[in-house]
Every structure is written in C-alpha cells, then in structure tokens.
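Protein chains in written order, with the numbering used here: chain G, 1 to 114; chain R, 1 to 112.
Note that the Cβ used here is the ideal one computed from N, Cα and C, for glycine as well.
Contents: one structure, followed by commentary.
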C-alpha cells in the first residue's frame with residue numbers, strides 16, 4: 001500500500017496554463033509538505049501544512065497555492081505556468097520532525113513547461 | 001546559502017568497498033537525517049541522529065555527528081551495486097518546527 005501518493009507522475013503543459021498536483025498520505029501524519037527539486041537535484045521546501053493549517057511558506061511566488069482539504073491531502077495548484085517551474089515536485093508527510101521523526105516522500109511529479 | 005553542503009558531489013567505487021559521504025552545516029540543529037534517492041524516485045529515510053548523539057549504526061550504515069565542527073558523515077560498508085543512488089543529509093533546526101533543510105547531495109555509483 002502506497003504511503004504517500006501523488007498524481008500525476010508526469011505533467012507536460014504549455015506556458016501560461018494552470019495545473020494542479022494532488023497528494024494523499026495514509027500514514028495518519030499531521031504534517032504535509034511540498035518540495036521542489038531542480039535539475040541539479042537541489043531539494044527545496046516550498047510549503048508545510050499541519051492539520052490543514054499553513055505553517056511554512058518559503059518565499060514561493062503567489063502563483064503557487066497549496067490547498068489542504070483535510071490532513072491526509074495537500075494539493076498544489078500552479079497558475080500561469082512559467083518555463084522555470086519545470087522541476088520535480090515532491091510531496092511528503094511526517095509526525096513532528098522536531099521530535100526526531102522522519103519524513104516520508106511521494107514518488108514525485110515531473111512537471112515540464114514548454 | 002545552503003544549510004547542508006555535501007562532499008564529495010560524486011563518488012564512484014567498486015562493489016565491496018566502503019563509501020564515505022560528508023555533510024557540513026551552518027547553524028545549530030535538533031537532529032540530522034540521511035536520505036537516499038534512487039534515480040527517478042522519491043527520497044527514502046535511512047537514519048536519524050540527534051544533536052546529543054555522536055554515532056549511530058543501522059545495518060551497513062554508520063553515521064557520525066560532530067556538533068563542534070558542524071559536520072556529519074555517512075559510511076556505507078561493503079557497498080553493493082544496489083547502493084547506487086544520491087544521498088542527502090537534512091538538518092532539523094531548533095525553533096523551525098518540522099522543517100528540514102536538505103544538503104546538496106552526493107551521487108554514489110557502485111560498479112559491480
């Protein structure tokens with residue numbers, strides 16, 4: 001059974017379009033995250049939600065809007081896609097990292113903006 | 001700038017050899033974690049070491065932490081071709097809640 005799942009796995013779209021990526025976790029975790037991994041494999045946190053509440057927002061353009069309908073889901077909507085948005089986006093979830101817990105990652109969504 | 005810098009950026013070894021990867025960071029931490037990423041896949045947690053610990057073992061993995069030097073190392077003993085992956089350190093910072101800052105990663109290639 002998949003612990004953290006993301007859809008779609010691949011997303012190819014034109015500049016200016018709006019797209020969404022969905023994430024679900026069945027681990028019962030309170031905290032969920034979105035990361036962006038660029039072509040150099042640099043992994044950077046974008047957002048974190050705890051029990052549907054936004055906790056971390058790392059200076060991400062407001063074209064990116066996370067939405068958490070419940071604590072098992074954290075979706076990422078991107079408006080007016082740009083070439084620089086091309087990357088792999090990872091969803092993750094965890095219990096409290098500050099208490100020594102690990103993060104569990106989804107398989108990633110490779111976004112290509114043409 | 002990046003909290004975690006890893007060294008080397010890339011490492012190639014033969015099966016059976018040991019692989020050592022190093023991570024340096026800049027600020028105080030609660031814990032430091034190591035993750036592996038196979039090509040085209042998500043990250044998988046390997047091991048966590050708390051700031052008050054100096055060494056930890058898990059199977060063929062050995063992690064050390066030197067908070068005075070703000071550095072950690074990951075040793076994989078008796079490497080296998082299946083260990084080929086990218087390895088990332090990630091630091092949990094005090095007062096940062098559940099945020100992890102990931103390092104730049106080391107690409108390990110193990111040749112059969």
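Taking the Cβ atoms as the reference, residue 37 (chain R) lies roughly 5 Å from residue 86 (chain R), within the contact range of under 8 Å. Scanning chain G for C-beta atoms nearer than 9 Å to the C-beta of residue 109 (chain R) yields nothing, as the closest lies near 14 Å away. For residue 12 (chain G), no Cβ of chain R is located within less than 8 Å of the residue's own Cβ. The beta carbons of residue 81 (chain G) and residue 19 (chain G) sit closer together than 8 Å.
When rounded, the separation of the alpha-carbon atoms in residue 6 (chain G) and residue 84 (chain G) is 21 Å.
The beta carbons of residue 66 (chain G) and residue 76 (chain G) sit closer together than 8 Å. According to DSSP, residue pairing for residue 105 (chain G) in a beta bridge involves G:92. At least one CB atom of chain G sits nearer than 8 Å to the CB of residue 98 (chain R). The C-beta distance from residue 60 (chain G) to residue 86 (chain G) rounds to 15 Å, too long to fall under 8 Å, and the pair is not in contact.
Annotation for residue 16 (chain R): 78, 79 place their beta carbon closer than 8 Å to its own, counting only its chain and skipping 5 residues before and after.
Below the 7 Å Cβ cutoff, chain G contributes no neighbours of residue 62 (chain R), its closest Cβ being approximately 18 Å away. Annotated three-state conformation of residue 66 (chain R) is strand, per DSSP. Listed by position along chain G, the residues whose Cβ is nearer than 7 Å to that of residue 104 (chain R) are 42. At least one C-beta of chain R is nearer than 8 Å to the C-beta of residue 96 (chain G). For residue 57 (chain R), the closest Cβ of chain G is not nearer than 8 Å. For residue 31 (chain R), the closest alpha carbon among the candidates R:48, R:41, R:23 is that of R:48.
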